[in-house]
Each structure stands twice: as structure tokens, then as C-alpha cells.
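K.L.:
The numbers in our numbering rise by one with no breaks, and the one at position 493 of the sequence shown is 578. Can you keep this structure in mind? I'll have questions shortly.
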Amino acid sequence: MAQDNFVPKLGRIRDARRGRAERHATLVFRQAGKHGARALRHKGHVAPGSLTRGMGTGLRAAAGLIAPGSRRVIVKARYTRIASGDLGAARAHLKYILRDRVTREGTPGRLYDASGEDVDAAAFLARSANDPHQFRFIVSADEGRRLADLKPFIRDLLAQMQRDLDTKLDWIAVDHFNTGHPHTHIVIRGRDEEGRDLVMARDYISHGVRARAQALVTLELGPESQLERIQKQFNEVGRERLTRLDHALRARAKEGILVMTSAEEQDPTQHTLRIGRLKTLERLGLAEERQRGVWALDPRMESKLRQLGERADKFKMMQIALREAGIERGAAALALFERGARKAPLIGKVVGVGLVDEISDNTWIVIDAVDGRVHYAELGRLKAAQVPARGGLVALVGDSLDGKPSRVAKLQELSLVELERQVNYDGPTWLDQAIIAQWQPQPGTLGFARDVEHAMAARGQWLATRKLAAVSLTGDIVTAPKMMRTLRRSETERLVEDLSRLYGATFFPAARGAPITGVYDRPITTPSGKLAVIRRQDTFTLAPWRPALEPFRGQVVTGVIGQRRVTWTLDRGRTLPGRT
């Protein structure tokens with residue numbers, strides 16, 4: 086038999102063991118990227134060579150999540166970048182979680198850490214100045230009310246996290262009792278104990294922290310009994326949100342069809358629970374009994390239930406905001422702001438403002454509007470200086486503001502001062518603009534619209550005493566031709582007099598188109614907006630304020646007043662400018 090012509094082709098001689106080691110390392114790091122911090126590295130703000138901590142620990146710990154008798158703990162996590170040392174969002178988040186009425190006694194929140202209480206938030210922020218990011222967690226145990234004090238539980242959890250991550254963590258926490266489930270906000274710096282970037286593996290954030298928390302609560306309260314577990318399931322039967330029963334039904338269904346007969350169900354209690362839940366889903370239009378015992382589930386059941394739950398949470402947030410503001414409104418007066426269905430701006434008073442999920446940087450707002458209803462809207466991510474104050478007047482715009490399209494509702498501040506304080510204010514106000522526009526509420530409209538109507542009448546009487554308007558017998562208000570100019574001049578003269586006395590300096594008016602250079606001292610709030618005080622050695626200037634100024638407070642800035650806006654830049658000079 087003829088031999089096959091075989092010519093071997095030799096490659097470069099090398100160490101085969103070294104090649105296998107390199108290939109194995111490549112596979113390890115590639116897999117680590119899937120479960121670690123690949124996205125963080127891709128964005129380039131985590132230092133090269135940073136150690137991904139907790140890799141594998143989360144998956145091992147997650148095995149305990151389904152352990153029989155394990156008590157449930159919900160953990161929400163968020164990774165937040167700190168761009169170029171800008172701590173505005175971090176500062177706003179701390180301010181929000183430390184707000185009033187969050188403790189059992191209805192007082193402001195109190196920070197604590199591993200070793201003490203009443204921790205200094207400013208000191209924590211100062212340590213975070215050069216951090217690339219921070220981690221935020223919300224930890225809520227189902228039986229949180231049975232824990233006399235949440236602090237030992239949270240300290241034990243963070244101690245376990247330190248062992249899992251093999252580094253000391255710099256963290257602070259605050260306990261909240263203002264919802265149905267007591268919960269704790271935790272903020273962890275983005276540096277480890279050696280000052281390197283702290284990178285947590287994804288599986289540890291997703292599963293490991295919750296597994297550790299559940300193990301601690303189970304150890305403290307004992308394993309969950311079968312009776313407790315069944316009682317919780319019965320409580321879920323009628324809920325209009327996604328529940329564990331829904332996950333179980335979806336898992337049993339085949340191509341959206343679920344066969345439920347008592348003959349096939351070994352546990353009669355579970356059968357009763359599932360049938361009860363299916364009846365609730367049928368009422369919600371998410372399930373249909375095609376024939377006896379055969380159910381069809383809506384393909385989008387889970388997403389629709391999730392939306393129902395989010396909607397209920399928003400209405401609950403509106404009720405809390407109204408209660409804290411001392412305002413009474415019926416359920417029929419509550420509404421969600423619909424961007425696409427509204428063409429005209431929605432004007433109202435801010436009665437509540439906060440962070441979505443209490444963990445993100447996205448802001449929600451509740452306004453008592455002139456249409457007689459209370460509206461909830463989400464505004465996306467705002468800088469600290471852009472967050473409206475409670476009591477201020479705003480306009481919600483659906484699609485765009487100043488011609489700029491937006492995916493979220495846009496906010497335009499109309500007045501930073503409450504309606505009541507505008508009535509007797511010696512200066513231009515939003516009420517004056519409403520009077521000039523002859524605004525009137527829709528017939529029969531109550532709530533804030535009635536408040537505006539009464540305030541306009543009182544403002545008209547005040548203007549009449551200053552001979553800036555005349556009020557007819559029917560209550561109609563006729564303004565003087567130069568009313569707004571007179572009010573603006575009166576306001577400026579009063580502010581200049583007060584500031585000249587305070588600074589011992591001379592007022593130097595700003596001219597349109599001419600540069601303004603000086604130290605940005607502080608903002609002054611008026612009903613028609615904010616003014617920036619720009620100081621020089623022996624003079625000062627008042628100019629329109631912009632949020633971009635706040636990071637430069639106490640520094641030399643230069644601005645130019647244009648036709649519609651002011652452009653500010655940081656002046657690199659280090660000395661205080663002299664007289665103009």
C-alpha cells in the first residue's frame with residue numbers, strides 16, 4: 086500500500102507549559118470580566134490593575150438564597166460615578182437620606198458607621214473628594230420591624246462584606262422608618278484601605294450582599310416557619326404588583342398555558358394560593374381561563390405587573406408628599422404627568438421632591454397644579470442647584486424646553502418664593518405676571534387654583550395702595566403702564582442699599598455686552614429669580630445667577646450678559662480684582 090505524502094510544518098519552538106498557562110489566565114480574566122467590573126474598565130475611569138473583589142464569593146453565597154427557611158431581604162444597589170471630583174450628586178443624595186421625618190420619632194435621619202453614631206457627613210464627603218465612584222445600597226428585611234435596632238445588623242453585614250472583599254470599607258449608613266418596611270441606606274466609598282479603586286464583582290453586588298444579609302436576619306430571628314411562609318403567600322394573592330407567586334406560575338406554564346387541577350396538585354394549600362392569584366390576574370386582564378383548569382397567561386404579564394407596582398408606588402409617594410405638606414386631596418385629584426398628552430405647560434406649586442427609588446440620582450417631583458389636580462413627574466438627573474425647593478412655583482413642560490427635545494418632563498422655575506410671600510413683596514413677582522396676563526382658573530376648579538385666585542386679589546389691593554394698579558368694583562385689576570419697571574427699580578434700590586451697608590462697597594451696575602469680573606460671593610433669592618453677587622475690592626455687581634456658578638463660589642469669575650443668557654467662566658487669576 087502506498088504511503089500518504091505527509092510533510093510536517095514546524096512552528097517556532099517555545100515552552101508549551103507557558104503557553105497553556107497564558108491561555109488559562111486569559112480565560113480566567115475573560116470570565117472575570119463577565120462577572121466583574123468589565124463595564125467600569127471599558128469606560129476608562131477605573132485605574133488599570135485594580136483588583137475586582139468578591140469574584141466568585143457572590144455565586145457561592147447565592148446558594149444560600151434558596152435555602153429552606155431563609156428569611157427574605159431586599160437589596161437595591163447602585164454604582165455612581167464621581168466625575169472630576171464633583172460631589173454635587175453625592176452631597177444631594179446624603180441630604181435627601183438625612184431629611185426630616187424618616188426615623189421612628191419623625192425626626193431627621195442620623196448617620197452612623199462601624200464605630201459610632203452621629204457621623205459627620207461633611208467629613209465623609211471630604212474623604213470622597215478624589216474617589217472615582219461610590220456604591221449605594223438599600224437593605225430592607227421583610228421582618229425588619231421585628232429587629233429592635235437595625236444598626237447591629239447593618240454593622241455585621243458590612244463586617245462580613247469586608248471579609249468577603251478582603252479590604253476595610255469606609256462606609257456610612259442611616260436607618261429609615263418612613264415606609265411600610267424599615268430599611269437602611271448605605272454609602273460606601275470607591276477606595277479600598279490602600280487607596281486603590283474599589284471594584285466589586287457583579288455577582289457579589291447582585292447576589293452576594295443579599296445572601297449575606299438573609300443569613301444574618303435568619304440567624305437573628307430564626308428560620309422562617311412553614312406557617313409564616315404560607316401567610317406571606319396569602320398576602321400576595323390580591324396584590325396589584327409582581328409577586329413571587331407570579332414567578333412560580335410563569336415557571337409552571339408551558340408556552341403561556343397553565344393547567345391547574347386539584348388532581349395534579351399534591352399540596353392543596355399551594356393549589357388554593359395559585360388559583361387565588363390567577364383570579365386576581367384575571368381581574369387585571371392578565372390571565373384567562375380558557376376552559377376549566379386551563380389558564381392562558383398574558384405574554385407581558387410580568388412587565389405589566391411591574392408597571393402596576395411602579396404606578397402604585399408613585400401614587401403612594403404623592404400621598405406622603407401631600408401629608409407632609411399638610412394638604413388634603415382626594416384620590417380622584419391625583420394624576421401622573423403625561424408628557425405626550427399635554428401641549429401647554431402645567432403650572433403649580435412644589436409640594437414634594439426626592440430621588441426615584443431613594444437610591445438613584447433621578448429626581449421626582451409632586452406639584453399641586455392650577456388644574457385642580459396633584460401631579461407626579463420624573464425629571465431625570467438634576468444637579469443639586471437645579472433641584473426645586475418646596476413651595477416654589479414651577480411649570481412642567483412635556484416634550485421640550487427652549488426648543489430642546491427631552492425624553493423626560495422638563496422643569497421651568499417660575500418663582501423661588503412661596504405664593505403667600507409674593508402678595509406684599511416690593512418687587513416684581515409671578516403674581517404680577519399672572520395679573521397682567523389676566524389669568525383665571527377654570528370654573529369650579531379648587532385646590533391650588535383657588536389659592537392663586539385669592540393671592541392675585543390680595544396682590545391687586547397691595548399694588549393699588551402703591552398706585553401701581555386700580556381695582557374695579559367687580560374685582561378686575563388694571564395695572565399701570567410702567568408697573569413692572571417701577572417694581573424692578575424698587576427691588577434693586579433696596580438690595581443695593583442692604584448690600585452696600587453689608588460690604589462697605591459701592592454698587593457698580595452691569596452693562597449688557599460688557600465683561601463682569603470679580604469674586605462670586607453668593608446668590609440672592611428673589612420672587613422672580615436668583616441674582617449673583619460679584620464682588621471686587623471696593624465695588625460689587627448684581628448679575629443673573631446660573632447653576633454653573635455654584636462650583637466657583639469664592640473664586641474669581643468672568644461673565645458676559647448677552648441678549649438672553651449670561652456666560653460665566655472661571656478666571657485663572659488668583660488675586661481679588663481692583664476697582665473697575
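The beta-carbon is built from N, C-alpha and C at its ideal position, and this holds for glycine as well.
1) Could you give the C-beta distance for Ala590 and Thr624, rounded to a whole number, given that I count them as a contact under 8 Å?
2) If we count the other Cβ atoms within 10 Å of its Cβ and call it buried at 16 or more, is Leu599 buried or exposed?
3) Measuring only the C-alpha atoms, how far is Leu393 from Arg326?
4) Under 8 Å by Cβ, that's how I've got Thr165 and Ala177 pegged, so tell me the actual separation to the nearest angstrom.
5) What is the DSSP secondary structure of Ala122, counted as helix, strand or coil?
6) Helix or strand or just coil, what does DSSP make of Thr192?
7) Is it a yes or a no for the segment 295–313 touching the segment 253–273, going by three-plus beta-carbon pairs under 8 Å?
8) On the criterion of 16 or more Cβ atoms from any shown chain inside 10 Å, does Thr654 qualify as buried, or is it exposed?
9) Kindly provide the ranges of any beta strand (DSSP E) runs that are 3 or more residues long and lie completely inside the segment 349–387, ordered along the chain.
10) Under the three-state reduction of DSSP, which class applies to Trp547: helix, strand or coil?
11) Out of curiosity, what's the CA-to-CA distance linking Asp260 and Glu635?
12) Whose C-alpha, out of Phe400, Val563, Pro473, Val556, is nearest the C-alpha of Lys615?
13) Relative to the C-alpha of Phe319, which candidate in Ile360, Val493, Leu183, Ala420 has its C-alpha closest?
14) By alpha-carbon positions, which one of Thr192, Met285, Leu431, Val158 ends up nearest to Leu232?
15) Return the chain-ordered ranges of every beta strand (DSSP E) run that is complete within the segment 443–524 and spans a minimum of 3 residues.
16) Quick one: measure Cβ to Cβ for Pro430 and Val482, integer angstroms, because I've assumed they're closer than 8 Å.
17) Short check: CB of Arg163 to CB of Arg221, under 7 Å?
18) So what does DSSP say about Lys428, is it helix, strand or coil?
19) Report the partner residues of His268 according to the DSSP bridge assignment.
20) List, from N- to C-terminal side, the beta strand (DSSP E) runs of 3 residues or more that fit wholly inside the segment 592–665.
21) Is the segment 507–520 in contact with the segment 531–549, if contact means three or more CB pairs nearer than 8 Å?
22) Evaluate Ala110 with the Cβ neighbour count: other Cβ atoms within 10 Å of its Cβ, from every protein chain shown; 16 or more gives buried, anything less gives exposed.
23) Quick one: grab the DSSP three-state call for Glu578.
24) Are the beta-carbon atoms of Thr269 and Ile315 separated by less than 7 Å?
P.N.:
Judging by the given coordinates:
1) On the sequence shown, position 505 is the one that residue 590 refers to. On the sequence shown, position 539 is the one that residue 624 refers to. Contact holds; Cβ gap of about 6 Å.
2) As a working mapping, residue 599 is identified with position 514 in the sequence shown. It should be pointed out that residue 599 corresponds to Ala in this sequence rather than to Leu. The residue in question, Ala599, is exposed, as its Cβ has fewer than 16 Cβ neighbours within 10 Å.
3) Taking the sequence shown and counting its residues from 1, the one referred to as residue 393 is at position 308. Taking the sequence shown and counting its residues from 1, the one referred to as residue 326 is at position 241. If you take the alpha carbons of Leu393 and Arg326, they lie about 6 Å apart.
4) Taking the first residue of the sequence shown as position 1, residue 165 is located at position 80. Taking the first residue of the sequence shown as position 1, residue 177 is located at position 92. In fact, because the Cβ distance is near 11 Å, the residues do not count as touching under 8 Å.
5) Along the sequence shown, read from residue 1 onward, the residue named residue 122 stands at position 37. Unreliable positioning characterises Ala122 in this predicted model, as indicated by a pLDDT of 40, which lies under 50. The coordinate reading is nonetheless provided below. Note: Ala122 maps to coil in three-state DSSP.
6) Here residue 192 refers to the residue found at position 107 when the sequence shown is read from its first residue. In this structure, Thr192 counts as coil in the three-state DSSP scheme.
7) With contact defined as three or more Cβ pairs closer than 8 Å, the segment 295–313 and the segment 253–273 are not in contact.
8) As a first step, residue 654 must be located in the sequence shown, where it is residue number 569. Around the beta carbon of Thr654, fewer than 16 other beta carbons sit within 10 angstroms, so the residue counts as exposed.
9) Qualifying beta strand (DSSP E) stretches, in chain order: 372–376, 379–382.
10) Numbered from 1 along the sequence shown, position 462 holds the residue referred to as residue 547. When secondary structure is reduced to three states using DSSP, Trp547 falls in the helix class.
11) The residue given as residue 260 occupies position 175 in the sequence shown. The residue given as residue 635 occupies position 550 in the sequence shown. The straight-line gap from Cα to Cα measures roughly 31 Å.
12) Taking the sequence shown and counting its residues from 1, one reaches residue 615 at position 530. The shortest C-alpha separation from Lys615 is found at Pro473.
13) The sequence position of residue 319 within the sequence shown is 234, counting from 1. For the residues Ile360, Val493, Leu183, Ala420, the minimum Cα distance to Phe319 belongs to Ile360.
14) Taking the first residue of the sequence shown as 1, we reach residue 232 at position 147. Comparing alpha carbon positions, the residue from Thr192, Met285, Leu431, Val158 closest to Leu232 is Val158.
15) Those beta strand (DSSP E) runs which fall completely within the segment 443–524 and span 3+ residues are 447–454, 459–466, 478–482, 495–500.
16) The residue labelled residue 430 in the question sits at position 345 within the sequence shown. The residue labelled residue 482 in the question sits at position 397 within the sequence shown. Between the beta-carbon of Pro430 and that of Val482 there is about 5 Å, and that keeps the pair under the 8 Å contact cut.
17) One-based indexing of the sequence shown puts residue 163 at position 78. One-based indexing of the sequence shown puts residue 221 at position 136. For Arg163 and Arg221, yes; Cβs fall inside 7 Å.
18) One-based indexing of the sequence shown puts residue 428 at position 343. Shown here, Lys428 sits in coil according to DSSP, grouped into three states, outside any helix or strand.
19) As a position in the sequence shown, residue 268 is number 183, starting the count at 1. Beta-bridge analysis with DSSP links His268 to His261.
20) Runs of the beta strand (DSSP E) inside the segment 592–665: 600–611, 614–620, 624–629, 641–646, 651–655.
21) A contact between stretches requires three or more CB pairs, one per stretch, nearer than 8 Å, and the segment 507–520 meets this requirement with the segment 531–549.
22) Taking the sequence shown and counting its residues from 1, the one referred to as residue 110 is at position 25. Residue placement at Ala110 is poorly supported in this model, since its pLDDT is 36, which falls under 50; the coordinates are not used for a value here.
23) Within the sequence shown, the letter at position 493 stands for residue 578. DSSP, reduced to helix, strand and coil, places Glu578 within a helical segment of the structure shown.
24) Taking the first residue of the sequence shown as 1, we reach residue 269 at position 184. Taking the first residue of the sequence shown as 1, we reach residue 315 at position 230. No, Cβ-Cβ distance for Thr269 and Ile315 is not below 7 Å.
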